[in-house]
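Before any comments, here is the structure.
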Amino acid sequence: MHILENEVLRLEIADKGAELSRVRDKELGCERLWSADPAVWNRHAPILFPFVGKVVDGQYRLKGRVYPMKTQHGFARDLDFVTLEESGSSLCQLLCSTAETREIYPFDFRLLVRHRLDGKNPRLLHIEWEVTNTGEECMYYAIGGHPGFLPPEGVRKEDCFLGFPGKEHLRYISANPAGFALPDTIHALAPADGAVPYGESLPETWIFEDRQVDAVQLLRPDRSPWVSLRCGDFPILAVWAKADGPFVCLEPWRGRTDNAGFTGELPEKVCEESLAPGETKRIAYSIEFHR
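Under the working numbering, the first residue of the sequence shown is numbered 16, with each subsequent residue one higher.
Shown next, in the form of structure tokens:
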């Protein structure tokens, strides 16, 4: 584990998956990130690359060839990154394509991940990614974040609110039990003063498309902010939780899980990203852990 720390927060980041694995609030004396209990969900805040979500039948198609992708969310979360730079407040880690990755994903790439504590606001964390196509043909990919946040100690997630600052009307789609999107079933949300109750009878997954959401918050029962995530670089935001887990995941996505029954090729996936040979894309979001 690598440690980033200031007077308020202590973060632990793993080599495996470059995953943010612990956020300790020293001022409040509590954990802010899900513990990755394998009996419920064995992740903290995985990076989703080069796929977000699942592909139908565990395989995808490109130029008439079928490739296996048995795991959801790609493979970066399960591979070891190499540390390039490290200080007490910033960490930069790198993952590159290998012969093994090319067997299931036929592109050469560099994925650079940086976690950085803000110099002015000690409760603010910046997450920055750089994706580079190091190959000789167009590269298709998706990328996303998946941090799982704990509500305040002694508070159930079902008693919290989700905040959508400045939003009065939103729409979302959900996913079926297998994890595939249902784009023809559109649900409406009408936040009251920018907030909606998390509740106990909502879908496990909400998927907000079309750049509707550039910021989302986990709010206490009194509607004061507990966590704020700013995600203006992302066309999709997902909200996910498990009924038997005390956490809520706020997930900025570029690309997403397949539609149920999808049979097209990789470039036809919803919001699939592409890079020309030698091109780099820089993407960032931030998390503020409020007092």
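Where a beta carbon is used, it is the ideal one built from N, C-alpha and C, also for glycine.
Note that this is a predicted model, so its numbers are computed, not measured.
The DSSP-derived three-state label of A114 is helix. Excluding its 5 nearest sequence neighbours in each direction, A256 has C-beta neighbours in its own chain below 6 Å: V263, listed in chain order. Within 10 angstroms of the beta-carbon of M16 lie fewer than 16 other beta-carbons, which makes it exposed. For the 8 Å CB-CB criterion, L139 and C175 do not form a contact. Boundaries of the beta strand (DSSP E) around D40: L35 to D40.
Rounded to whole angstroms, the gap between the alpha carbons of G276 and D72 is 9 Å. Note that the C-beta distance between E100 and C107 is below 8 Å.
G214 has its alpha-carbon roughly 18 Å from the corresponding atom of A190.
It is roughly 17 Å from the alpha-carbon of E22 to the alpha-carbon of I302.
About 7 Å separates the Cβ atoms of G68 and D273, confirming a contact at the 8 Å cut-off. Each of S105, D208, P267 and T86 was checked against the Cα of D133, and the nearest Cα belongs to S105.
Under the three-state reduction of DSSP output, L43 falls in the coil class, being neither helix nor strand. Counting C-beta pairs with one atom in each stretch, the region 21-35 and the region 88-96 have three or more that are closer than 8 Å, which means they touch.
The beta carbon of V285 sits closer than 6 Å to the beta carbons of R271 from its chain, once the five residues preceding and following it are set aside; these are given in chain order.
A residue is called buried once 16 or more other Cβ atoms fall within 10 Å of its Cβ, and C45, having fewer, is exposed.
Runs of the beta strand (DSSP E) spanning 3 or more residues and lying entirely within the region 105-187 occur at 105-111, 124-132, 139-148, 154-156, 158-160 and 176-178, in chain order.
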